[in-house]
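Numbering (my numbering), first residue to last: 1162 to 1615.
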């Protein structure tokens, strides 16, 4: 495809009017140069015709844990950017610094999660740090800021005092703090918001704010008192109104809970991407192992309806709710495709298709300060999805993709999927990362990990 071309004949999503309109798009140097009246000639530009098609901005998954082995699957699904909410920026270095037209998504990432002890995800590693004092928090946040982390992620086992300290330290580097309070016993959403935490992954901590005697580790009697299947909207509204005063942002990851609730009849669309994802043995083995412990899924599965109602009530009050999936957490959160399920769940839960699309495009990009993506405007990056049918008429049409444009490069889904690296390349890069991280932190206990991947 030429570097300078005009897309002609398509309907283009215009958020200003809240609908599609017939427009031509001039693409040059990887950007949207101009939005043209239909048929207007452009000197030196090749014309590409997509009559009867619909163009939306590239989608943004606001909660993932991306790895290079399945990164291309996101772009093949029209997800041209992701917010990585736990991992390691050094491991993702190649993805973060890839060319704008690479067949992998733009990655906006935190570094390893900061948790209390015992850590939810086990011992300290390159992907999580369990802290016991303020000095450790200070040192880690400074390290993450220097490494290029875009925000700080804390977990629910971090004590209130250390969470407050993390927020204060993050402010020194102009970094927002995100929290996952699903497993928190001591800190609820309102407490975290008062401390200055900005992002609430999984809309977590709100149930604890409503029902102070409940937590994931509570006795069954406490669980029995909560109307999970028929949420008390007045109680939800009461907490959300307070949360709204802090300009908190919710990323409910509804599909994460919904997949577990639906098991064994989980969402699995008939789609060309499914086979590619099923070829990833690491993902499939992970999901299969988790799904074999169906009883362990239930504590999260039962929260699905509550999670959805919290998201809708908060949005109705004027709060910002963005679309994310937690891919590949839980079970069968298909990379890229899971975001399409999230959009469906937005609509099933009372959002209009347009509002659902906004949550995965313009509102997502604005929430992280990336104004050059997320909408179809002159000078924005040319990250676009060309659809065969109108998603405002039916949100399920977002899966019906003709082409994806990433940084001005026109890709078929097949072309993107051909860029998935083989297992040997992935393992080589992982070994290189482990050694690099060990040199940075210089901690003796990494020696065993280095041996494991050598």
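Even glycine gets a Cβ: it sits at the ideal position worked out from N, Cα and C.
**Item:** Secondary structure, alpha helix (DSSP H): runs of 4+ residues fully inside the region 1270–1314
**Value:** 1295–1308
**Request:** Kindly indicate which residue of 1362, 1356, 1345 and 1361 has the alpha-carbon position closest to the one of residue 1374.
**Result:** Here residue 1374 corresponds to residue number 213 of the chain shown, with the count starting at 1. When only C-alpha atoms are compared, the closest one is 1345.
**Asked** Whole beta strand (DSSP E) runs in the region 1356–1410 with 3 or more residues, listed along the chain?
**Response** 1360–1362
**Message:** Closest to residue 1290 by C-alpha separation, out of 1265, 1263 and 1318, would be which residue?
**Reply:** Within the chain shown, the letter at position 129 stands for residue 1290. That would be 1318, whose Cα lies nearest to the Cα of residue 1290.
**Three-way DSSP call (helix, strand, coil) for residue 1184 in this model** = Start at 1 with the first residue of the chain shown, and residue 1184 comes out as number 23. Looking at residue 1184 - three-state DSSP - the assignment turns out to be coil, as it is neither helix nor strand.
**Item:** Boundaries (first-last residue) of the beta strand (DSSP E) holding residue 1427
**Value:** On the chain shown, position 266 is the one that residue 1427 refers to. Premise fails: residue 1427 is in no beta strand (DSSP E) and is neither H nor E.
**Asked** Looking at the structure shown, is residue 1175 part of a helix, part of a strand, or coil, going by DSSP?
**Response** Taking the chain shown and counting its residues from 1, one reaches residue 1175 at position 14. Three-state result, residue 1175: strand.
**Request:** Please name the residue, chosen from 1466, 1491 and 1272, that lies closest to residue 1445 on a Cα-to-Cα basis.
**Result:** Counting from 1 along the chain shown, the entry for residue 1445 is found at position 284. The candidate whose alpha carbon is nearest that of residue 1445 is 1491.
**Message:** Considering only the alpha carbon of each residue, which of 1297, 1494, 1560 and 1180 lies closest to residue 1224?
**Reply:** Position 63 of the chain shown, counted from the first residue, corresponds to residue 1224. Out of 1297, 1494, 1560 and 1180, 1494 has the C-alpha closest to the C-alpha of residue 1224.
**Asked** Which first and last residues belong to the beta strand (DSSP E) in which residue 1201 is found?
**Response** Taking the chain shown and counting its residues from 1, one reaches residue 1201 at position 40. Run containing residue 1201: none; DSSP gives neither H nor E here.
**Asked** Okay, do the region 1232–1248 and the region 1204–1212 touch, 3+ Cβ pairs below 8 Å being the bar?
**Response** no
**Message:** Is residue 1468 a contact residue of the ligand COA, with contact defined as CB to any heavy atom under 7 Å?
**Reply:** Absence of the ligand COA from the depicted structure is noted, as is the absence of any ligand whatsoever, leaving it without description.
**Prompt:** Apart from the five residues on each side of it in sequence, which residues of its chain come closer than 6 Å, Cβ to Cβ, to residue 1320?
**Reply:** Residue numbering aside, residue 1320 sits at position 159 when the chain shown is read from its first letter. The residues are 1277.
**Asked** Where does residue 1183 land, buried or exposed, given buried means 16+ other C-beta within 10 angstroms?
**Response** Within the chain shown, residue 1183 is the residue found at index 22, counting from 1. It is exposed - the Cβ of residue 1183 has fewer than 16 other Cβ atoms within 10 Å.
**Message:** So for residue 1208, helix, strand or coil by DSSP?
**Reply:** In the chain shown, the residue the question calls residue 1208 occupies position 47. In the structure shown, residue 1208 sits in a strand (DSSP, three-state: E or B).
**Message:** With distance defined between alpha-carbon atoms, name the residue in 1560, 1543 and 1544 nearest to residue 1551.
**Reply:** Working through the chain shown from its first residue, we reach residue 1551 at position 390. Closest by alpha carbon: 1560.
**Request:** Leaving aside the five residues before and after residue 1439 along the sequence, list all residues of the same chain whose C-beta is less than 8 Å from its C-beta, in chain order.
**Result:** As a position in the chain shown, residue 1439 is number 278, starting the count at 1. Around residue 1439: 1445.
**Under the three-state DSSP convention, the category residue 1244 falls into** = Sequence index remark: in the chain shown, residue 1244 carries index 83 (1-based). Reduced to three states, the DSSP call for residue 1244 is strand.
**Asked** Is the CB-CB distance between residue 1487 and residue 1417 below 8 Å?
**Response** Numbered from 1 along the chain shown, position 326 holds the residue referred to as residue 1487. Numbered from 1 along the chain shown, position 256 holds the residue referred to as residue 1417. Contact: yes.
**Among 1347, 1326 and 1503, nearest to residue 1337 - alpha-carbon criterion** = Indexing the chain shown from 1 puts residue 1337 at position 176. Closest by alpha carbon: 1326.
**Message:** How far does the beta strand (DSSP E) with residue 1169 in it extend, from its first residue to its last?
**Reply:** Mapped onto the chain shown, residue 1169 falls at position 8. Where residue 1169 is concerned, the enclosing beta strand (DSSP E) stretches over 1165–1169.
**Asked** Which same chain residues, not among the five before or five after residue 1285, have their C-beta less than 6 Å away from its C-beta?
**Response** The residue labelled residue 1285 in the question sits at position 124 within the chain shown. So the qualifying residues of the chain are 1291.
**Asked** With a cut-off of 8 Å, do at least 3 Cβ pairs link the region 1387–1396 to the region 1424–1437?
**Response** no
**Prompt:** Going by Cα to Cα distance, which pick from 1405, 1570 and 1230 is closest to residue 1586?
**Reply:** The residue you call residue 1586 lines up with position 425 of the chain shown. For the residues 1405, 1570 and 1230, the minimum Cα distance to residue 1586 belongs to 1230.
**Asked** If we count the other Cβ atoms within 10 Å of its Cβ and call it buried at 16 or more, is residue 1584 buried or exposed?
**Response** Counted from its first residue, the chain shown places residue 1584 at position 423. Flag for residue 1584 reads exposed.
**Request:** Would you identify the three-state DSSP class for residue 1268, choosing helix, strand or coil?
**Result:** Position 107 of the chain shown holds residue 1268. It is a strand residue.
**Whether residue 1164 touches residue 1569 by CB criterion (8 Å)** = Locating residue 1164 in the chain shown gives position 3, counting from the first residue. Locating residue 1569 in the chain shown gives position 408, counting from the first residue. Taking 8 Å as the Cβ cut-off, residue 1164 and residue 1569 qualify as a contacting pair.
**Integer-rounded CB distance, given that residue 1463 should sit under 8 Å from residue 1514** = As a working note, residue 1514 is residue 353 in the chain shown. As a working note, residue 1463 is residue 302 in the chain shown. At roughly 28 Å, the Cβ-Cβ gap does not stay under 8 Å, so residue 1514 and residue 1463 are not in contact.
**Request:** Taking only runs that begin and end inside the region 1457–1510, name each unbroken alpha helix (DSSP H) of 4 or more residues, in chain order.
**Result:** 1465–1477 and 1498–1509
**Message:** Rounded to the nearest angstrom, what separates residue 1546 and residue 1195 at their Cα positions?
**Reply:** Here residue 1546 corresponds to residue number 385 of the chain shown, with the count starting at 1. Here residue 1195 corresponds to residue number 34 of the chain shown, with the count starting at 1. Their backbone Cα atoms lie some 17 Å apart in a straight line.
**Request:** Give the secondary structure of residue 1542 by DSSP, where H, G and I count as helix, E and B as strand, and everything else as coil.
**Result:** Residue mapping note: residue 1542 aligns to position 381 of the chain shown, counting from 1. Three-state result, residue 1542: strand.
**Asked** Would DSSP call residue 1433 helix, strand or coil?
**Response** Residue 1433 sits at position 272 when you count from the first residue of the chain shown. DSSP places residue 1433 in helix when its eight states are reduced to three.
**Item:** Other residues of its chain near residue 1580: CB distance less than 7 Å, five sequence neighbours each side excluded
**Value:** Stepping through the chain shown from its first residue, residue 1580 is reached at position 419. For residue 1580, where only same-chain residues beyond five positions count, the Cβ hits under 7 Å are 1233 and 1264.
**Request:** Tell me whether the beta-carbon of residue 1382 lies closer than 8 Å to the beta-carbon of residue 1351.
**Result:** Residue numbering aside, residue 1382 sits at position 221 when the chain shown is read from its first letter. Residue numbering aside, residue 1351 sits at position 190 when the chain shown is read from its first letter. Not in contact: residue 1382 and residue 1351 (Cβ atoms no closer than 8 Å).
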